[in-house]
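Step one of this worksheet: look at the structure below.
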Amino acid sequence: MDIISARDISKSFGKKRVISDSTFSVKEGSITGIVGLNGSGKSVLIKMLIGFLKSNSGRIEVNGKIGFSMQNNSLYENLSVKENLYYFARLSNVHDKKEKISNLLSRLSLKDYEKVLVKNLSGGTKKRVDIACSLLNDPNILILDEPFSGLDPNLINEISKFIFDINKKGVTIILTSHVFHELPDLCSTGLWVKNGQVIEISKSEIKRIYK
Amino acid sequence: MLFKSISILWKNILVLKNSKLSALIILIGPVLLILLLGLALGNTSLKNIQTNLYVEQNTTFSNQFKEELVKNSFIIQDTNTLEDCLSGVRKKEKVLCIEIKNQSDFSFPNLDSTNIQVDKISASDFQNSINLHLDFSRQRIVWGVISKVDAIVNSFSQKLRKNALDELSKEVLDLEGTAKSNKAIVKVSSASLTNIKSNIRNFQKDLEEDRKNLNNSFKKLESSIDEVDDLYKAPDSIIFPVFVAFDKLKEGWTNFTENQNTKILENSNTDINRIENNLKIVERELSEVQQVFEELRSQDLDKEFNPIPLFYTSISEGISKKSASQPQFLDYLFPSFLSLFIAFISITLGATIVVRERISGAYIREIMSKTSDFTQILGRFLTVFFIVLIQILIILIISSFFLTIPLFSNIGSLIVSIIVSIAVFVSMGMILGYIFDSQETAILGAVSLSILLVLFSSLISPLETLPDLTRSIFSFSPLILLEKLLGRILLLETGLGTKSLELIVLGVTFIISFIILMGLYKIKKRGEII
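Chains as they are written, first to last, in this note's numbering: chain A, 437 to 647; chain B, -3 to 526.
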């Protein structure tokens, strides 16, 4: 079942056409990697999927709630982990905040850090906190823009495992990454942004493209 | 090392060049400020001084004085009572209240000892005194206004003084002349009296001589009669009447010489002595008068004589909480200081908090959360609002211990004014936060706006010193409106009353600022997502 389906979407900035007349879909429960060269329009596509940007033409249908985590962590550095989670939970009208936050902290192994200021956390832990914030409103689609950016191989592994875990719990994952060797292993399917076109590709095709 | 330093310098210049708004602020900012400063301080003469005038009794002087005020850029509004006159200043609608008082008991100072009556010299001209009721919180213009009125009063005083002193000199000269001629007459009279006295003395001597001669003659006559009687034994019927007649004659003579003449002469002598003494007194007094005239001539009456006394009093007199003490310099300055603090802190904090949020990574999550734009703006607005409010409360509480004015006597009006003004300045600061994209430029923008407001506030260039167009624009400056409000509440204790134009304008400014803020937020939000 398609959880996201896009039909004939296009996006231009002035005279520059970034996405043109593309039709694609994302399967429920999949981990979909968006691949493409730098400046090909991956981030624009992600922002269109999240709803930050409206397409000039065409239509995107999303069957579920979206959570997102951008390349730069969307956290308040001078708030503790718990304070950040509570703040965003309140903004997102999350019910049973206490229970949900407690679950998220346990699930993402953040219990020990709940009172630590975000600015004092490592890059990987920060990313986990950021993803925890994305999961506050129980999304069934999680969009991650460059989740491995700035992380060392150990942390990349940690986050990869974490993404798998979330996916196992039924959350569809869409992500971009320039860490090429991780993406083919992680993703079950892909979207290739090439010359303004978004093309659906299989896991093997992702591997081929990265090779 | 120098090469690397130059490289860093060049890099920073390039960064600035590429950030167009920063470059614009850095280069155009000082130019704009200098232009504004020139505009503000280029012509500092006072203009359009809103003035209430209360005249106790209309006179030629009061009418001429009023005309002169109008000629000197005072905008005059006549009032029927002194209370109406003062009320305009208390409400901060007017800069001052001029009271022209009639003082019928007024006389020349310093000249009373001479007993010269002023009435002789157009007394009505000297029956006015001028009292200026001023709002001393307007430190920047209050002395200018006093000096301006003083110059006008002086020009009148000078005319009056010249006329009066000319008249007085003439009178003094006349009196001095009269005194001199009177003294001469007294001298002549004294001399005549001396002559009379000497004549009387001679007459007395002659009379004594005559009396002695006559006495001798009487004695001779008596002895002759006795001899005739002894010699001729004349019958009693003949000689007796002769004796009787002789006795009567002698008695009459004795009476004449001993009683009448002596008494008359003695009385005359006494009278003459008295007159002589009186004349001496008159002469001495005339000499004293002459001496006073001499002294008067040596005095600089032009300086000492002030025909139209000018007084000035503070409109805030009597509001001090400490009995028998008047508001001090700091008290007068406090409303302006508080206004400045509210404006500066609100604008700067409003701008920096918005920029800090915008450059924070978490901002995008906030934007995309299930939170309306209004809620987002309101949340940020309230953050700054309460921070500034707490700061202002701390300042007020601490100030209440060392200021002589009662800060909380109009607490309702004070709170309303502070709340509305903080709201206005915070909105303005937040607008800057959304206009500028970096913390540095936002702070620079906030400081520039604050300087602009201060530049055109009563502390540096009051409205009365500005050209017409600039004045009409800056009369809506929130800082000026707030200064007026706080001055009224804290110094003049008039409160807001049922309708306060300043508060209404501030309220409207807040609504407009908030609408602009919302619009700007929506525009910037779109840009930030892209």
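Even for Gly, the Cβ is constructed at its ideal location relative to N, Cα and C.
Kindly say whether residue i, judged by its beta-carbon, lies nearer than 8 Å to any beta-carbon of chain B.
i, result
"A:M652", "The question about residue 652 of chain A has no answer here: the residues shown for chain A are numbered 437 through 647."
"A:F524", "yes"
"A:Y646", "no"
"A:I486", "yes"
"A:N529", "yes"
"A:Y696", "The requested residue 696 of chain A does not occur in the structure, where chain A is confined to residues 437 to 647."
"A:L511", "yes"
"A:C398", "The requested residue 398 of chain A is not part of the displayed model; chain A covers only 437 to 647."
Are there 16 or more other CB atoms within 10 angstroms of the CB of residue i, so buried, or fewer, so exposed?
i, result
"A:M484", "buried"
"B:H129", "buried"
"A:R495", "exposed"
"B:A147", "exposed"
"B:M426", "buried"
"B:V416", "buried"
"B:P458", "buried"
"B:Y430", "buried"
"B:D206", "exposed"
"A:A568", "buried"
"B:M364", "buried"
Do we get a CB-CB distance below 8 Å when we pair residue i with the residues of chain A?
i, result
"B:R361", "yes"
"B:S434", "no"
"B:G357", "yes"
"B:E368", "Sequence check: residue 368 of chain B is Ser here, not Glu. No, because no Cβ of chain A sits closer than 8 Å to the Cβ of B:S368."
"B:M364", "yes"
Would you grab the beta carbon distance between residue i and residue j for me? Rounded to a whole angstrom, and I think it's under 8 Å.
i, j, result
"A:Q507", "A:D588", "The Cβ separation is near 16 Å, so there is no contact."
"A:G503", "A:L571", "6 Å"
"B:K553", "B:N127", "Summary: the structure shown does not reach residue 553 of chain B, with chain B confined to residues -3 through 526, and so no result is reported for it."
"B:S434", "B:V380", "With a Cβ gap of about 19 Å, B:S434 and B:V380 do not count as contacting."
"B:F470", "B:A339", "Wrong, their Cβ atoms sit about 14 Å apart, outside the cutoff."
"B:N48", "B:S69", "At roughly 15 Å, the Cβ-Cβ gap does not stay under 8 Å, so B:N48 and B:S69 are not in contact."
"A:I439", "A:T612", "Wrong, their Cβ atoms sit about 18 Å apart, outside the cutoff."
"B:P402", "B:S125", "In fact, because the Cβ distance is near 32 Å, the residues do not count as touching under 8 Å."
"A:L578", "A:I595", "About 12 Å; that fails the 8 Å criterion."
"B:F325", "B:S423", "Actually they do not touch by this definition, with Cβ atoms about 33 Å apart."
"B:T461", "B:L42", "6 Å"
Note down, in chain order, each residue of its chain lying with its Cβ closer than 8 Å to the Cβ of residue i, except the 5 sequence neighbours on either side.
i, result
"B:M514", "D369, F370, I373"
"A:S562", "Here residue 562 of chain A is Lys; the residue named in the question, Ser, does not match the sequence. Same-chain partners within the cutoff: N509, L511, V554."
"B:G503", "V416"
"B:T344", "G425, I439, A442, V443, S446"
"B:L385", "I414, I415, I418"
"B:L516", "I427, Y430, I431"
"B:E279", "K179, V182, K183, S186"
Out of the options, point me to the one whose CA is closest to residue i's CA.
i, options, result
"B:S396", "B:I94, B:F330, B:N191", "B:F330"
"B:S247", "B:F325, B:L210, B:I401", "The sequence shown places Glu at residue 247 of chain B, not Ser. Taking only the C-alpha atoms, the option nearest B:E247 is B:L210."
"B:R136", "B:K520, B:G503, B:L451", "B:L451"
"A:V462", "A:I595, A:S528, A:R526, A:N576", "A:N576"
"B:I268", "B:F214, B:E281, B:T190", "B:T190"
"B:T75", "B:N68, B:V85, B:K67", "B:V85"
"B:L428", "B:E498, B:A358, B:L482, B:T348", "B:T348"
"A:I455", "A:E464, A:K501, A:V480, A:E513", "A:V480"
"B:E284", "B:E163, B:R361, B:K179", "B:K179"
"B:N302", "B:I431, B:F152, B:I234", "B:F152"
"A:R443", "A:L541, A:G477, A:N492, A:R453", "A:N492"
"B:S533", "B:L486, B:S444, B:K366, B:S446", "What is shown of chain B runs -3 to 526, which leaves residue 533 of chain B out entirely."
"A:S505", "A:S585, A:M437, A:L591, A:S516", "A:S585"
"B:I500", "B:P474, B:Y517, B:R522, B:K521", "B:P474"
"B:Y328", "B:V288, B:S133, B:V149, B:G357", "B:S133"
"B:V141", "B:Y308, B:F404, B:P231, B:E362", "B:Y308"
"A:R543", "A:F600, A:N499, A:G487", "A:F600"
"B:G346", "B:S165, B:I192, B:G357, B:L378", "B:L378"
Take residue i and list the residues in its own chain whose beta-carbon comes closer than 7 Å to its own, dropping the five residues that flank it on each side.
i, result
"B:E479", "P331, S332, S335, S453, S454"
"A:W628", "V471, G472, I635, I637, I645"
"A:S476", "V629, K630"
"A:V530", "K536, L572, N573"
I want to see whether chain C comes within less than 8 Å of residue i, judged by CB atoms only; does it?
i, result
"B:G346", "Note that chain C does not occur in the displayed structure, where the protein chains are A and B."
By Cβ distance below 6 Å, which residues in the same chain neighbour residue i in space, the five residues on each side in sequence not counted?
i, result
"B:E353", "Y359"
"A:T625", "S466, T468"
"B:I117", "Because B:I117 sits at a pLDDT of 44, beneath the cut-off of 50, its placement in the model cannot be relied upon, and the following sentence gives the value as read from the coordinates. If we look at B:I117 and ignore the five residues flanking it on each side, its Cβ neighbours are A160, E163."
"B:C81", "N48, Y50, T75, C93"
"A:K478", "I470, G472, T612, V629"
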